[in-house]
């Protein structure tokens with residue numbers, strides 16, 4: 044039997060874990076991407092397919108990561124090593140944890156840049172910079188920010204520093220304390236913006252766009268989109284849930300806890316759509332603007348609506364919180380590993396990794412301006428290369444290997460002991476994680492590499 048408590052600390056309660064995992068899962072993609080792909084790919088029919096994909100890939104893999112973490116009680120690297128040893132398998136499985144921790148670190152580098160954009164927009168909204176602005180004016184302002192390395196450096200630095208300030212204080216005084224404040228604030232702000240959107244009188248249009256049951260739009264590609272989002276939305280494949288699971292109390296149910304996280308993640312995404320699209324439709328704008336929806340379309344809409352400055356400010360604070368909580372989860376696996384591997388204090392590990400992540404972010408932000416002619420993989424700049432390698436290769440590969448590890452490498456009695464499910468529930472999870480989830484993750488991997 045492996046160690047019973049993590050040297051990094053333990054979550055104060057099951058609900059703290061739920062809030063932490065939900066904070067990791069709810070990121071920028073939930074706010075703009077999921078509502079849009081729902082509306083474009085069949086509405087209610089797409090949601091139904093997405094929920095099936097979540098049941099077949101997202102939920103079982105999340106349970107697998109959490110049970111590995113709780114069994115190992117260490118960083119993803121060392122948890123996989125020790126659980127493999129306990130099951131009579133080679134230590135080399137620790138490489139899967141290393142792959143995940145590295146992916147999270149690389150994502151933090153460019154995610155911090157985007158987080159900086161969001162923080163910048165919080166400031167712009169507070170100052171009323173977009174009041175009465177047109178699409179061209181806001182578009183030029185966004186392009187101007189991308190072309191200004193000094194401005195991006197300042198906001199990237201603020202975002203990275205804000206993340207490390209929380210992480211340096213550890214699991215209980217840092218992560219847990221921040222999550223207890225940030226996640227309720229996120230939910231409250233989401234409801235406030237939803238109420239404002241409801242007052243526009245365009246909620247019906249938003250509801251029809253997102254939920255009209257249109258199976259004719261449910262193409263093979265739409266199913267692949269649902270499958271991909273079901274995997275990526277829960278922060279799988281990067282070791283985050285293994286790290287967070289290592290801080291989970293033994294008495295907490297992994298199955299019901301993971302299910303709660305999945306439900307909350309989906310609800311936040313759907314409510315975000317119902318908060319955003321009435322504002323978009325009220326201004327006769329394109330709901331399919333992609334990332335531009337966040338940084339161009341919505342600022343124009345808020346800038347031309349009654350009390351738009353106030354609610355635009357609150358909206359970007361909401362998005363900033365979502366980005367911030369996700370960033371915390373990206374770095375936790377690598378910080379935990381460095382503390383264990385080199386036997387150093389957490390503040391030093393945060394300083395080293397935070398500085399390295401900050402420098403990586405500088406390289407990423409320079410790819411929009413000073414280093415725009417620097418191309419790495421397939422003609423992509425630094426920012427796009429980091430995004431491509433992590434999303435298209437590292438995360439799906441990590442998810443596939445986790446499914447294999449939990450389904451085939453760990454002894455059956457260990458997974459049974461950690462999950463504490465009824466025989467029927469356990470068999471359903473085991474069949475899914477052994478046979479269905481790996482096939483679906485391979486489909487995600489192939490689709491990301493060759494067709495996205």
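Residue numbers (the working numbering): 44 to 495. Backbone N, C-alpha and C fix where the C-beta goes; we use that ideal spot for every residue, glycine too.
For the pair residue 153 and residue 429, the CB atoms are nearer than the 8 Å cut-off.
Residue 159 and residue 194 have their C-alpha atoms spaced approximately 9 Å apart. DSSP, reduced to helix, strand and coil, places residue 152 within a helical segment of the structure shown. The Cβ neighbour count for residue 368, taken over all protein chains shown within 10 Å, is at least 16; the residue is labelled buried. Distance from the CA of residue 246 to the CA of residue 350, rounded to the nearest whole angstrom, comes to 18 Å. Spanning the alpha carbons of residue 443 and residue 119 requires a straight line of approximately 15 Å. Fewer than three pairs of CB atoms, one per stretch, sit closer than 8 Å, so the region 356–366 makes no contact with the region 274–291.
Secondary structure note for residue 57: its alpha helix (DSSP H) is the uninterrupted segment 57–68.
According to the DSSP secondary-structure assignment, residue 256 is paired through a beta bridge with 86. The beta carbon of residue 339 lies closer than 8 Å to those of 178, 181, 182, 185, 332 in the same chain, with the five residues before and after it left out. Three or more beta-carbon pairs separated by less than 8 Å link the region 432–450 to the region 265–278, which places the two stretches in contact. Nearest C-alpha to residue 232 among 469, 330, 319: 319. Of the residues 122, 95, 57, the one whose Cα lies closest to the Cα of residue 50 is 122. Shortest Cα-Cα distance from residue 326 to any of 337, 449, 165, 341 involves 341.
With a cutoff of 8 Å on beta-carbon distance, residue 265 and residue 77 are scored as not near each other.
If you draw a straight line from the Cα of residue 381 to the Cα of residue 81, it is about 40 Å long. Contact annotation, residue 376 with residue 144: C-beta distance approximately 4 Å; criterion of less than 8 Å satisfied.
In the displayed model, residue 171 falls within coil according to three-state DSSP, outside both helix and strand.
Our two residues, residue 101 and residue 481, have alpha carbons roughly 11 Å apart in a direct line.
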